[in-house]
Structure formats: structure tokens, C-alpha cells
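Below is one structure, written out as C-alpha cells, with a few remarks after it.
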Amino acid sequence: MKKAPEKLRFAAMAIDAVVFGIVDGELCALVSPVNRPPHYVNILGFLGGLVDAKETAEEACDRVLHEKGGLKQVYLEQLYTFSAVNRDKRNRVVSVAYLGLVRPDTAASYAHEGAMFMPVKKLKQLAYDHDDMLQMALKRLQGKLSYTTIAQFLLPRHFTLSELQGAYELILGKEFDKRNFRKKILALDVVKDTGTVQEGVKNRPAALYEFTSKKLQELELIG
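This note's numbering puts the sequence shown at residues -19 to 203.
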């Protein structure tokens, strides 16, 4: 039997949140400057923090997004545990990453202590291993968009079918035939007509729809 080491070194546990939102027709992610000289000087990264002794990772994520991001109503799901030994140049830190989504009104009007929603296509060379987190979060979002109603957390509660199609095209990076897309979406019975139409538009106002359930649902593959 091997003798136990006299001194044990444990890793600290942290959370990081990759929060997406759609702003002006672009998929954006919530970032803030990271200043931890000499390793990180004014480099963008996702909101994160250590998990306190008396809270779960989920509770820590809610707290960090509220304290550092001023956010309360965020769709969250656990993404992946990043545990590379040298992922943080300062200390041994294991991070539980989360995928988060907010509605357009939240993302478009967002302003909180240096944090900002930036277009995903402009995010490069992020702090720590956040580039890897971003790519994994994008793949998760793209994957779940094809078989769940996760799109609802990126849209207004009442939306047009064109807005719904636009979200799919933006995230999946491909175009859909308008008629076929609408036919398939309506056949899935996951959205319903609210009986109201757009207001304040120059052209003919389009009908507004809403998802039939506020909870995430699985559906037949789209795309």
C-alpha cells in the first residue's frame, strides 16, 4: 500500500458562464475585462468566480451572474468541467462552465460595470481557456437548437415566425426555405398564434407567436 503524502494540494473550484444573446441580428456573448497581472492584463473573458464553501456550482453561477453581471433571469445549463492542470496560470483551478441564454431586450439594453455583449465573431484570444469554452458552448447551442425548443430563451416571449427562423439561421449558419421552415415548426405544435400582431411597423404587421411551454422541450430534428 502506498503511503499517503504528508501534504495534499487541492484544486479550487470555480464557475464560468458563457451567456449568449442576440443583438442587432448578431449572436453575442457576455464578456468583461480580466486584469490579473502579470498573466492577464485587460483581456476579455467570461464572467466567473470561485464556488463558496456553502453553495453548489449552480448557486455560485446564479450569484456570479447577479453580482458581476447584474443578471437574474438567465436560462442556464451545465456545459462541461474544464480541469486542465495549467488552465489558470496563477493557481490550480477547476472550472464548471455553464451555457446561458438571455432574451434580446436584456442583451440589447445591457450595461453593467464594464461587462458587455460582444459579437461572437469578434471574440478571439480570451483569458484562461475561455476560447475553448466558447467553442464548446456554440456547439452545444447549435446541437440543442436542432432537437429542442432552446431557441425560445433567445427570443422575445412573443415573436414572429421570421424572427424564429432568423435565430435558427444565425446560429446554425445556414438558410432555410421560408415555407418549409414554417410548415415544419407549426407541425411540431411547439408554438402557437397569440392572436396579436406586430405594432409600429411600416409594412403589413406579422402575426405574433409564443412557445406552448416555458420549459425546454425535445422535438423532431430540425435542419
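Note that CB positions come from ideal geometry on N, CA and C, so glycine has one too.
{"Item": "Beta-carbon contacts of K48 that lie in its chain and below 6 Å, excluding the five residues immediately before and after", "Value": "L27"}
{"Item": "The region 179 to 199 contacting the region 150 to 158, beta-carbon criterion three pairs below 8 Å", "Value": "no"}
{"Item": "In chain order, each alpha helix (DSSP H) run of at least 4 residues that lies wholly inside the region 97 to 133", "Value": "110 to 125"}
{"Item": "Test item: CB-CB of A37 and V31 under 8 Å", "Value": "yes"}
{"Item": "Contact under 8 Å by Cβ, T86 with H138", "Value": "no"}
{"Item": "Alpha carbon of A(-3) to alpha carbon of L199, nearest angstrom", "Value": "26 Å"}
{"Item": "Pairwise C-alpha distance: V21 and V11", "Value": "14 Å"}
{"Item": "Integer-rounded CB distance, given that L134 should sit under 8 Å from L81", "Value": "5 Å"}
{"Item": "Straight-line gap, V76 to K101 (C-alpha atoms, nearest Å)", "Value": "24 Å"}
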